[in-house]
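Input: a single structure, listed below in structure tokens.
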Amino acid sequence: KQEVTQIPAALSVPEGENLVLNCSFTDSAIYNLQWFRQDPGKGLTSLLLIQSSQREQTSGRLNASLDKSSGRSTLYIAASQPGDSATYLCATIFSGNTPLVFGKGTRLSVIA
Amino acid sequence: DTGVSQDPRHKITKRGQNVTFRCDPISEHNRLYWYRQTLGQGPEFLTYFQNEAQLEKSRLLSDRFSAERPKGSFSTLEIQRTEQGDSAMYLCASSLAGTRGNYGYTFGSGTRLTVV
Numbered sequence: 178k179q180e181v182t183q184i185p186a187a188l189s190v191p192e193g194e195n196l197v198l199n200c201s202f203t204d205s206a207i208y209n210l211q212w213f214r215q216d217p218g219k220g221l222t223s224l225l226l227i228q229s230s231q232r233e234q235t236s237g238r239l240n241a242s243l244d245k246s247s248g249r250s251t252l253y254i255a256a257s258q259p260g261d262s263a264t265y266l267c268a269t270i271f272s273g274n275t276p277l278v279f280g281k282g283t284r285l286s287v288i289a
Numbered sequence: 412d413t414g415v416s417q418d419p420r421h422k423i424t425k426r427g428q429n430v431t432f433r434c435d436p437i438s439e440h441n442r443l444y445w446y447r448q449t450l451g452q453g454p455e456f457l458t459y460f461q462n463e464a465q466l467e468k469s470r471l472l473s474d475r476f477s478a479e480r481p482k483g484s485f486s487t488l489e490i491q492r493t494e495q496g497d498s499a500m501y502l503c504a505s506s507l508a509g510t511r512g513n514y515g516y517t518f519g520s521g522t523r524l525t526v527v
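Which chain is which? The protein sequence lines are V and G, in order.
One gets my numbering by counting positions in the first sequence from 1 and adding 177 to each.
One gets my numbering by counting positions in the second sequence from 1 and adding 411 to each.
Given below as structure tokens:
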């Protein structure tokens, strides 16, 4: 079964700390991988999209890496701020015509 | 184009009633997806359309659920004879997919359904 796993389920850090969120997937032959942010009771906001041929993508304080051979992706957040508090979801397309499969997310709290 | 729109944002209904949700995708996107999300879980796939054709349905989509996308534009998701277990956030997304790849999903704000 094709699955996406995110560890840890929850994380609490002090403001200013750099942090890493982890995502693993069961099949290395993925099509692409996308990281999303979700605020409580809201929809999903796309943060970064990494195509299968890419190793990383960056946007501001966010950097996402992709290692297909090990079935892993990481989302690095630099200099965390209280406004970064949200649930971060990793999702991947396992083949061209299959839908996006999500992990359960990591709930991040950044304490001022 | 301001993104994916979903209506209503919230719906409270009595058990046994029928409900219908609407999704307006980004106009250039040819694919439209419906997902369901319960508290503490990631979104789970329900069904998707390419243009007006419904290409895949999840086993989660019981026969009480039906989705349409007439003319390949907006989509509706109907739940008949609602049950308390249908209470969830229903998310719609769209994407542009073709021979050169899939360019990422854009999600709407969701419709939160509460069945009482």
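All residues carry an ideal CB built from backbone N, CA and C; glycine is no exception.
Owing to the predicted nature of the structure, the values given are computational and were not obtained by experimental measurement.
Original post:
Which residues in the same chain have their Cβ closer than 7 angstroms to the Cβ of G/N513, if we skip the five residues on either side of it in sequence?
Top reply: S506.
Original post:
Taking DSSP as the reference, what is the three-state secondary structure of G/Q461?
Top reply: The answer is strand: DSSP assigns G/Q461 an E or B state.
Original post:
Who are the neighbours of G/P454 on chain V, taking C-beta pairs under 7 angstroms?
Top reply: Per Cβ cutoff of 7 angstroms: F279.
**OP:** Below 8 angstroms between beta carbons is the criterion; list the residues of the region 197-230 of chain V that meet it against any residue of chain G, in chain order.
**Re:** If the cut-off is 8 angstroms between Cβ atoms, the region 197-230 of chain V has Y208, N209, Q211, F213, G218, K219, G220, L221, T222, S223, L226, Q228 near chain G.
Original post:
Leaving out five residues before and five after G/H421 in sequence, what residues of the same chain have Cβ atoms less than 6 angstroms from its Cβ?
Top reply: Excluding positions up to five away in sequence, the list reads R523.
**OP:** Kindly list the residues whose CB is nearer than 8 angstroms to the CB of V/I184, restricted to its own chain and excluding five residues on each side of it in sequence; keep chain order.
**Re:** Hits under 8 angstroms: N199, S201, T283.
**OP:** Answer yes if the region 414-430 of chain G comes into contact with the region 271-278 of chain V, meaning at least three C-beta pairs across the two stretches below 8 angstroms, and no otherwise.
**Re:** Touching, no.
**OP:** Would you tell me roughly how many angstroms separate the C-alpha atoms of G/R480 and G/T431, rounded to the nearest one?
**Re:** Looking at the two C-alpha atoms, the distance is approximately 13 angstroms.
Original post:
Just the Cα atoms here: how many angstroms apart are G/K482 and G/N462?
Top reply: G/K482 and G/N462: Cα-Cα distance of roughly 7 angstroms.
**OP:** Note down, one range per segment and in chain order, each beta strand (DSSP E) of at least 3 residues found wholly within the region 453-509 of chain G.
**Re:** 455-461, 464-468, 476-479, 486-490, 499-506, all fully within the region 453-509 of chain G.
**OP:** Report the partner residues of G/H421 according to the DSSP bridge assignment.
**Re:** DSSP lists G/R523 as partners of G/H421.
**OP:** Answer with yes or no whether the minimum CB distance from V/G282 to chain G is below 8 angstroms.
**Re:** The beta carbon of V/G282 falls within 8 angstroms of a beta carbon belonging to chain G, placing the residue at that interface.
Subject >> Cut-off 7 angstroms between Cβ atoms - residues of its own chain near V/S205, not counting five sequence neighbours on either side >> reply: Counting only Cβ-Cβ distances below 7 angstroms, and skipping sequence neighbours, we find K245, S246, G248.
Original post:
In or out: G/R442 buried (at least 16 other Cβ within 10 Å) or exposed?
Top reply: G/R442 comes out buried.
Original post:
Which residue comes first and which comes last in the beta strand (DSSP E) that contains V/S242?
Top reply: Taken as a continuous stretch (DSSP letters only), the beta strand (DSSP E) holding V/S242 covers 239-244.
**OP:** Kindly indicate which residue of V/Y265, V/T182, V/V190 has the alpha-carbon position closest to the one of V/S257.
**Re:** Nearest of V/Y265, V/T182, V/V190 to V/S257, Cα basis: V/V190.
Original post:
the region 450-484 of chain G: which residues have C-beta closer than 8 angstroms to a C-beta of chain V, in chain order?
Top reply: For the region 450-484 of chain G, the set of residues with a beta-carbon nearer than 8 angstroms to any beta-carbon of chain V comprises G451, Q452, G453, P454, E455, F456, Y459, L466, E467, in chain order.
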